[in-house]
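**Student:** To convert a position in the sequence shown, counted from 1, into our numbering, add 142. Every residue, glycine too, gets a C-beta built ideally from N, C-alpha and C.
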Amino acid sequence: MIMTKIIYLFKKKQLTIRRNAMIGRLYSLIISLGGLTLITFSLWSVWSKIVSVNESHTGHVEYYRILTTENVTSKPFEVHTLSNADLHSLIDLPSFNFKINKEVCNSTSHLIVALVHTAPSHHVKRQAIRDTWAKMIPTYFFMGLPDSNVTQNQVILENQMYNDIVQGDFMDCYRNLTYKHVMVLKWTLYYCRCARYLLKTDDDTFVNAPYLLEILNHRLSPLGARNLLMCQLSLSSVVKRSFRSRWRVSYSEYPNRWYPTYCYGWAIIYSPDVIYKLYTEAQVTPYFWIDDVHITGTIAVKQNITPTNLGELVVEEYNLLNDKNISHKFTFCLLTNEDESMRKFWSIVTQPDDKNMVVSPSILGLT
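#1: So the beta strand (DSSP E) Leu375 belongs to, where does it begin and stop?
#2: Within a Cβ cutoff of 7 Å, which residues of the same chain sit near Val416, ignoring the five residues on either side of it in sequence?
#3: Quick one: residues in its chain with C-beta nearer than 8 Å to the C-beta of Glu300, no 5 flanking neighbours on either side, listed in chain order?
#4: From this set, Thr274, Asp314, Trp329, which residue's C-alpha is nearest Leu340's C-alpha?
#5: What whole-angstrom Cβ distance do Asp345 and Thr260 have, given they're in contact under 8 Å?
#6: Could you give the residue range of the beta strand (DSSP E) that holds Ala256?
#7: Under DSSP, the beta strand (DSSP E) around Trp408 begins and ends at which residues?
#8: Would you give the residue range spanned by the alpha helix (DSSP H) that Lys328 belongs to?
#9: Should Arg338 be labelled buried (16 or more other beta-carbon atoms within 10 Å of its own) or exposed?
#10: For the alpha helix (DSSP H) that Leu463 lies in, which residues bound it at each end?
#11: Evaluate the contact criterion for the region 373-383 versus the region 448-455: three or more CB pairs, one atom per stretch, below 8 Å.
#12: Determine the extent of the alpha helix (DSSP H) in which Ile536 is found, giving its start and end residues.
#13: Within its chain, find whatever has a CB closer than 8 Å to the CB of Asn464; leave out the 5 residues flanking it on each side and keep chain order.
#14: How big is the Cα-Cα spacing for Ile490 and Pro364?
#15: When the Cα atoms are used, what is the spatial distance from Ala351 to Asp228?
#16: Pick helix, strand or coil for Ala227, following the three-state DSSP scheme.
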């Protein structure tokens with residue numbers, strides 16, 4: 143009897159141990175599933191953010207509005223809305239003047255006008271552009287003052303020959319790039335009001351003019367657009383603090399750790415209304431010397447302007463030179479060997495053959 147009771151108690155204890163073990167395993171499983179759910183939820187949240195950013199910045203989401211014969215309204219801006227003192231002020235420069243300027247852009251309507259950042263000494267680069275893609279797009283070169291009278295005299299003679307230089311009366315140097323950028327916007331508002339699109343670019347950028355014109359005429363609209371800021375985007379760029387960096391920015395200049403999303407400045411397409419919004423805001427915003435960040439980042443955010451990414455329309459020079467199978471659908475390429483590459487690429491896109499980059503309506507997907 144006693145032995146039977148002992149056996150009974152032993153089995154009961156074993157069952158209790160097994161039950162507790164099962165409960166423990168079940169509890170662990172629940173915890174694991176909960177953790178997995180949490181991880182899954184976290185991953186989904188991250189993925190959702192990635193998708194959101196991708197949709198917001200790859201150009202698949204269009205923040206601009208193309209114009210048609212049905213929705214063309216009044217001009218996107220009127221110069222008379224600016225103050226009388228505005229023409230001769232540039233951000234914090236109260237007595238700004240154009241050293242070289244001709245009102246050569248207001249008399250004729252243009253689909254697009256190119257506004258090229260250049261330096262006074264970059265005559266060879268300007269000539270390479272004149273000999274290539276500027277043959278198809280009205281182009282003007284923007285600069286400040288050189289530190290040499292010899293260079294300034296050369297610029298004057300060059301402009302007498304080509305009549306395509308605009309010069310402001312501030313020193314042309316890296317820290318003055320924002321003055322140059324806002325001068326470009328100012329000149330557009332006052333002297334180039336008949337362009338439906340504006341291209342801001344640099345003198346080391348190749349523009350595939352034939353394809354760019356196809357895009358404007360067929361994928362956008364020959365009548366223009368509104369709220370268009372199209373460029374290659376810089377996302378989540380950290381502010382450089384190292385004294386070894388060319389782009390070092392002090393905390394007093396820019397206190398945030400990250401820059402807002404902004405456009406790389408070597409190829410930006412604006413609609414005129416965006417030019418007006420950026421310019422008027424820049425005139426009353428404290429100066430910051432990195433113009434790409436300041437104009438297309440900080441000021442664009444303040445004006446609720448969301449850029450559209452050029453994406454695959456931008457290619458690298460190495461790929462363009464070495465990959466015969468590269469997509470033909472590109473508009474801009476940043477160069478290292480400017481004048482030589484500029485002419486080579488121009489010969490390719492204007493004299494295509496079966497062995498090179500053939501630029502035709504069928505290949506561009508426009509037929």
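**Tutor:** On the basis of the coordinates in this document:
#1: 371-376
#2: Residues Asn369, Leu370, Leu371, Ile447 of the same chain have their beta carbon placed closer than 7 Å to that of Val416, with the five preceding and five following residues left out of the count.
#3: His265, Arg268, Ile307
#4: Considering only alpha carbons, the answer is Trp329.
#5: 4 Å
#6: 252-259
#7: 404-412
#8: 319-333
#9: Counting every other CB atom within 10 Å of its CB across the protein chains shown gives Arg338 a total of 16 or more, marking it as buried.
#10: 459-464
#11: yes
#12: Residue coverage of the chain in this structure runs from 143 to 509, which leaves residue 536 outside it and unanswerable.
#13: none
#14: When the Cα atoms are used, Ile490 and Pro364 turn out to be separated by approximately 26 Å.
#15: 34 Å
#16: Judged by DSSP in its simplified three-state form, Ala227 adopts coil rather than helix or strand.
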